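*Asks:* If you read the protein sequences in the order shown, they are chains F and U. Start counting the first sequence at 537; every next residue gets the next number (the numbering used here). Start counting the second sequence at 537; every next residue gets the next number (the numbering used here).
Protein chains: 2
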Amino acid sequence: MEEFNASKPIYLQLADRINRQIVSKELKAGEKLPSVREMGVKYNVNPNTIQRTYSELEREGILETKRGQGTFVTEQEDRLVQQREILKNEQILSFIQVMKEMGFSSHEIISGLQDHLSKFD
Amino acid sequence: MEEFNASKPIYLQLADRINRQIVSKELKAGEKLPSVREMGVKYNVNPNTIQRTYSELEREGILETKRGQGTFVTEQEDRLVQQREILKNEQILSFIQVMKEMGFSSHEIISGLQDHLSKFD
DNA sequence: CTTAGTGTACTATTACGTTAATACAATATT
DNA sequence: AATATTGTATTAACGTAATAGTACACTAAG
Numbered sequence: 537m538e539e540f541n542a543s544k545p546i547y548l549q550l551a552d553r554i555n556r557q558i559v560s561k562e563l564k565a566g567e568k569l570p571s572v573r574e575m576g577v578k579y580n581v582n583p584n585t586i587q588r589t590y591s592e593l594e595r596e597g598i599l600e601t602k603r604g605q606g607t608f609v610t611e612q613e614d615r616l617v618q619q620r621e622i623l624k625n626e627q628i629l630s631f632i633q634v635m636k637e638m639g640f641s642s643h644e645i646i647s648g649l650q651d652h653l654s655k656f657d
Numbered sequence: 537m538e539e540f541n542a543s544k545p546i547y548l549q550l551a552d553r554i555n556r557q558i559v560s561k562e563l564k565a566g567e568k569l570p571s572v573r574e575m576g577v578k579y580n581v582n583p584n585t586i587q588r589t590y591s592e593l594e595r596e597g598i599l600e601t602k603r604g605q606g607t608f609v610t611e612q613e614d615r616l617v618q619q620r621e622i623l624k625n626e627q628i629l630s631f632i633q634v635m636k637e638m639g640f641s642s643h644e645i646i647s648g649l650q651d652h653l654s655k656f657d
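1. For S661(F), go through chain U and note every residue whose CB falls closer than 8 Å to its CB, in chain order.
2. Could you tell me the distance, in whole angstroms, from the CA atom of V634(U) to the CA atom of R603(U)?
3. Tell me, please, whether the segment 647-655 of chain F touches the segment 567-583 of chain U by the rule of three or more beta-carbon pairs shorter than 8 Å.
4. Helix, strand or coil, according to DSSP, for G639(F) in the structure here?
5. Would E637(U) pass as an interface residue toward chain F - the criterion being a Cβ-Cβ separation below 8 Å?
6. Are the Cβ atoms of A565(F) and L599(F) separated by less than 8 Å?
7. Show which residues of chain F have a CB atom less than 9 Å away from the CB atom of F540(U).
8. Can you give the Cα-Cα distance for Q587(F) and V609(U), rounded to whole angstroms?
9. Going by alpha carbons, who is nearest to G606(U) out of K578(U), G639(U), N555(U) and K568(U)?
10. Measure the Cβ-Cβ separation of M638(F) and R553(U) and say whether it is below 8 Å.
11. Can you look up H652(F) in the DSSP assignment and give me helix, strand or coil?
12. Is the CB of K624(U) under 8 Å away from at least one CB in chain F?
13. Using CA coordinates, which residue listed in E596(U), I645(U), E539(U) and S647(U) is at the minimum distance from K578(U)?
14. May I have the straight-line CA-CA distance separating L629(F) from Q612(U), to the nearest angstrom?
15. Terminal residues of the continuous alpha helix (DSSP H) containing T585(F)?
16. Could you name the residues that DSSP lists as bridge partners for F658(F)?
17. According to DSSP, is N625(U) part of a helix, a strand, or is it coil?
18. Considering Cα atoms alone, identify which of I546(U), S642(U) and I622(U) is closest to T585(U).
19. What do you get for K624(U), buried or exposed, if any count of 16 or more other CB atoms within 10 angstroms of its CB means buried?
20. Short check: CB of A551(U) to CB of E592(U), under 8 Å?
21. V559(U): which of Q619(U), S642(U), L649(U) and S647(U) sits nearest, CA to CA?
22. For G648(U), return the contacting residues in chain F, with the cut-off set at a CB-CB distance below 7 Å.
23. DSSP state of F631(F), grouped into three classes?
24. Between L563(F), K561(F) and E594(F), which lies nearest to L548(F) when the distance is taken from Cα to Cα?
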C-alpha cells in the first residue's frame, strides 16, 4: 500500500519526487500543482506535510506560490535547466562514492551498470 | 564537525558505513569491532545509538555479538560475498531508477558516469 | 575470587516528523 | 457582496530518534 520509506521524512521524499517530475518535464515551467489539500488526499498524507514539501521546493527556487491561487513550477527555465544538471551530478557523485567505498573498481561500476541498463532498452 | 545527514537516522547511516567497510574487506570476517562505548566516543554519539546500529547489522546477519566478549563480523564468508552482491545491485538499481525518473537516457547515464569516473583513475 | 570490559536493559528527557482540527488571509468566481 | 478555493498559521497530540545516566549479566584476565 505505502510508497514511502520509513528512513526518510515523507515531506523530503515527496520533494525528491516532484523535483524529478520537474527536471524530466513531466511538470512544465509555470504549470500549476495540485493544492496542498488535493495533494494530501492523493498521497494519503496530511496537508501540513504537503506544505512542508512545497516550502522546501520554494526554498530551492523551483516552485513559486501565489496566495489564493496556488503553487506553480517557476517560470524561470534557466533555473530548471540548472536544476537538472545539479541533480544529475549529485546522483552520479553519490553513486560513485558509495560504489568506491564498497571496493568496486571503475570498470566494475561501468560494466555492472551496463548489465542492468541492457534490460531497459 | 559532524559527518551525519539530518535526513536519515544516525544509527542507519552508521550501519551503511559499516556495511561498506565489511563488503570492501576493510573489516574482515571474524574481526572484532570496537565496543559500543568506544564506538560512541569515536563517532561522538551515544552508546545506545551504536547498539541500535549493531542490532540492525546483526539482524541482517553480517555481525554476531558474544555477550561479555564483543561484536564481530560474521565468520560466514558466503554471507559476506552475498552481501557485497546485494548492496551492489541495490545501488545500481536505485541509481538507474532515479536517473530514468529524471529523464536521462541510458546513453546519458553511461557517458555522464564515465566523465566523472575519469577523475578517479 | 576480584576486577575490568563487554553487551544489554531500563527510565527520563529533548527534538522532530506527522497527524488532526481549526482558523485566517488572499484571490478568483459568481 | 458573497462564496469557494487557495496558501498559511496555530495548537494539541503521538511516535520515534537520540541523548543521558544507571544498573545488570556475562566473560576473560589478574
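All C-beta atoms in this analysis are idealised placements derived from N, C-alpha and C, irrespective of residue type, glycine included. The structure displayed is predicted, hence computed values, not measured ones.
*Replies:* Let's see:
1. Because residue 661(F) is not part of the residues shown, which for chain F are 537 to 657, the question remains open.
2. 42 Å
3. These segments do not touch.
4. DSSP places G639(F) in coil when its eight states are reduced to three.
5. yes
6. no
7. Simply none; closest approach about 13 Å.
8. 44 Å
9. K568(U)
10. no
11. Note: H652(F) maps to helix in three-state DSSP.
12. yes
13. E539(U)
14. 32 Å
15. P583 to R595
16. Because chain F is modelled from 537 through 657, residue 658(F) falls outside the range shown and cannot be assessed.
17. helix
18. The residue among I546(U), S642(U) and I622(U) with its C-alpha nearest the C-alpha of T585(U) is I546(U).
19. Within a 10 Å sphere around the beta-carbon of K624(U) sit 16 or more other beta-carbons, which makes this residue buried.
20. yes
21. Q619(U)
22. Here the neighbours are K624 and I628.
23. helix
24. E594(F)
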